[in-house]
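Residue numbers (the UniProt record's numbering): 1 to 672.
The beta-carbon is built from N, C-alpha and C at its ideal position, and this holds for glycine as well.
Contents: one structure, followed by commentary.
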Amino acid sequence: MNSSQAQTKTPHAGSAKTQSALPFLQMLMGSGRFKEAFLAAASIAEQESNPVILNIAAIAAREANDPASADRYWSRCIERFPQDGNAYINRGNLLAESGYAEQAEHLYLKAIELDPDAPDARYNLGNLYSRSRQYQAALGQYREALKHAEGRPDLHNSMGCACSELGLTDEALHHLQRAVQLAPRYAEAWLNLGLLYRDTRQLKAAAGALQHAALPGDPSEAQALSEWAMVQMSLCDWAAAARTEARLLGLLRAGRAAGVVPFVTLALPNCTASDQRAAAAQATRQAPPPVDTMTDDPAERSPGRIRVGYLSADLHAHATAYLLAGVLEHRDTARFETFLYSYGPQTHDDMQNRLRAACEHFVDIAPLSDGQAAERIAADRLDLLIDLKGFTKHARLDIGAMRPAPILVNWLGYPGTLGNRRLADYLIGDPVVTPVSQQAQFEETLALMPHCYQPTDSRREILPPPDRAEVGLPADGLVFCCFNQAYKITEARAQTWFAILGRTPGAVLWLLEPDASARAALLEKAGRHGIASERLVFAPQVAQRAHIARLQLADLALDTFPYTSHTTASDLLWAGVPLLTRAGDTMASRVAASILQAAGLHNLVVTTEDDYVNAAVRLAGDAQALASVRLRAQAARNTALFDTETFARNLETLFSRIVERGAHGTPEPIVL
């Protein structure tokens, strides 16, 4: 909600003619006839200067998509009526929307100087600070505004978001709850409340809030539906998730899903590759335009080492960092200079310290606004910038959209297209996960590694496995496992698992501990299929070394579909555990297949659900066949999958080919 409203009560009341014109102008504005309102107000303003008329003319011009005229009339109002604080606020809003943050800040501060108690200026200044990630400064302005406007739901919403960003969870919860109490149909506040509940693992409460947020026709409907579906999947509430998915797909296929969260479409069972590309495209329509002056022409750059930047929030103890570390340690420092740009936490944990030691430059850009971060990256004169986040949590895609490097590459963090060439020129894949025949699924030009596109870390220590009893497993019997997050478990795949358990007496399925409601749902649904509750064993989250150690107790891993295992698959094979997967038509559904192919285990890849069931039952019932495949899984440590040094050489060769071609070269895929 924005405070760009013309004052109707002012000491400059104007002539009787002006007063008589106000109802007519307000009628035009109220009926959406903004062009007519602008022309009428402008005509009156030429005859008699009045702050109300000038403000109406400016607001009407802005609503009629004529920002230049809006700026002209607000500037005239400020010049002629320098005590009219509303004009400063409204012009500040216009400039803030146009990206002129410094000028907008000056105008808001002037309005505050005129009336320190007026909440509108402080509210809008707080929003300006929030957009530039100055959350502490924003919170100060909101608190001052709240002294005089406790009943404003938009103020509580903005304050709740700022508190959330600062880690003030209880205060954030208070303000977001107050916002929806004051305005029960305030979809944006319900959405923010739902996200806060989700982030604090209150999934049932999150689902309730997001249901209120998903108002038909609201601008945030697609985002709310996306987040709601993800929470429902995390709760294993598949019937509800199916209804939400149907609504979301209706918007998406009609081209009305601005705000959709593309990451969610990777896990929804009925989202096709075309749907995923459409989601990415619709989500990035409003990406900021590139800044033409930000980077030099690559052809004019001096020769020397290729300067490669990596952009991520996950450069600490996170799955992405575990995959990346070994590659950086094996890079050719004579040919490549490496920059890591972190907008995540500065944890200084072992993994972050390892990354710092593996590159020349580790740059903390977390406190910077997107524009400032892009300028900081551009100052390093990179040859190419690798986005390691895509549409995953905490991503800041607008940094790349400003084109701080001449070539942008989508790799590793997000298994799908970013849907907009402003965000990435190339996508790094491989012949299995992104075959050349599927180029049409991707906005980016494909650049294919010879083996799996996902690196692995061959330096990890493998501790001895714990006793089965220590981790809650029975003393005897086959152990199937799946350590993917609950949102990846679809109803169809759960039913498949129950069918497999029904045909393998004595076997158990070892799962990652989900939310308590999800656990109850899984046990209830298993019971409906005749599977006793003790045959589902749940494992808590543990440190990575302990996790790899316990994985060795599993006999066969069963993958999810359509969002298959990524880092989890590499972990399993490093622990010597074979993984059975089904490959589909989307990139996310083929990642595990790519990993298994690189590990020499292509026979564990199937393409139908029936083949998946039959393969699992066959291996479970044939001790010799299972022992053989386990030996091959243990031998995978000596395959291309875990040859980090060769992976690094191949990746650098691919980088060189990309730089040679440039962002605007031929669109044909690059294949090593």
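Asked                                                                                                                             : Found
Spatially closest choice to GLY160 from PHE38, HIS330, GLU171, by CA coordinates                                                  : GLU171
Cβ-Cβ distance between PRO415 and VAL591 below 8 Å                                                                                : yes
Cα-Cα separation between ALA539 and SER517, rounded to whole angstroms                                                            : 15 Å
GLU188 classed as buried or exposed, judged by whether at least 16 other C-beta atoms fall within 10 angstroms                    : buried
Delimiting residues of the beta strand (DSSP E) encompassing LEU512                                                               : 508–512
Opposing strand residues paired with ALA163 [DSSP bridges]                                                                        : Checking the displayed sequence, the identity of residue 163 turns out to be Cys instead of Ala. Partner(s): none; CYS163 has no beta bridge.
Buried or exposed by the 16-neighbour rule on C-beta atoms within 10 Å, applied to VAL542                                         : exposed
Candidates VAL409, ALA532, LEU551, of which the one nearest ILE670 by Cα                                                          : VAL409
Test item: CB-CB of THR445 and PRO667 under 8 Å                                                                                   : yes
Three-state class that DSSP yields for residue 675 in the structure shown                                                         : Residue 675 is absent from the structure shown; the chain starts at 1 and stops at 672.
Buried/exposed call for PRO119, threshold 16 Cβ in 10 Å                                                                           : buried
Where TYR426 sits in the DSSP three-state scheme                                                                                  : strand
Buried or exposed (CB count within 10 angstroms, at least 16 for buried), THR18                                                   : buried
Nearest candidate by alpha-carbon position, reference PRO269, set LEU251, ALA239, PRO290, LEU596                                  : ALA239
Those residues which DSSP pairs with GLY309 across a bridge                                                                       : PHE339, LEU385
VAL537: first and last residue of the uninterrupted alpha helix (DSSP H) it sits in                                               : Unbroken run through VAL537 is the beta strand (DSSP E), 536–539; no alpha helix (DSSP H).
Segment contact flag, the stretch 239–257 with the stretch 393–409, C-beta cutoff 8 Å, min 3 pairs                                : no
Contacts around GLY506, its chain only, beta-carbon distance under 8 Å, and the 5 residues preceding and following it disregarded : ASP476, GLY477, LEU478
Any non-hydrogen atom of the ligand MG within 7 Å of TYR197 CB                                                                    : Although the ligand MG was asked about, the structure shown includes no ligands whatsoever.
Presumed contact (8 Å Cβ cut-off) between ALA101 and SER132, rounded CB distance                                                  : 6 Å
Close beta carbons around VAL291, own chain, < 6 Å, minus the five adjacent residues each side                                    : MET402
Same chain, Cβ closer than 8 Å to LEU123, neighbours up to 5 away in sequence not counted                                         : According to the sequence shown, residue 123 is Tyr rather than Leu. Correct list, in chain order: SER3, GLN141, TYR142, ALA145, ALA149, ARG152, ASP154, LEU155, SER158.
Euclidean distance between Cα positions of ALA366 and GLY344                                                                      : 6 Å
Alpha-carbon spacing of GLU113 relative to PHE81, whole angstroms                                                                 : 15 Å
Per-residue burial, LYS389 [other beta carbons within 10 Å of its own, 16 or more giving buried]                                  : buried
Option in ALA627, ALA599, LEU654, ARG661 with minimal Cα separation from ASP643                                                   : ALA599
Simplified DSSP assignment, three categories, for ARG178                                                                          : helix
Nearest residue (CA-CA) to ARG468, options ALA213, VAL508, LEU448                                                                 : VAL508
Pairwise C-alpha distance: HIS316 and HIS348                                                                                      : 8 Å
Bounding residues of the beta strand (DSSP E) (the contiguous stretch that carries THR581)                                        : 579–582
Simplified DSSP state of VAL659, which is helix, strand or coil                                                                   : helix
Rounded C-alpha distance that separates ARG582 from PHE483                                                                        : 16 Å
First and last residue of the uninterrupted alpha helix (DSSP H) at LEU95                                                         : 85–97
THR567 - DSSP class collapsed to helix/strand/coil                                                                                : helix
Same chain, Cβ closer than 7 Å to SER164, neighbours up to 5 away in sequence not counted                                         : ALA172, LEU196
Pair within 8 Å by beta-carbon distance, residue 687 and ILE399                                                                   : Missing from the structure shown is residue 687; the chain here goes from 1 to 672 and no further.
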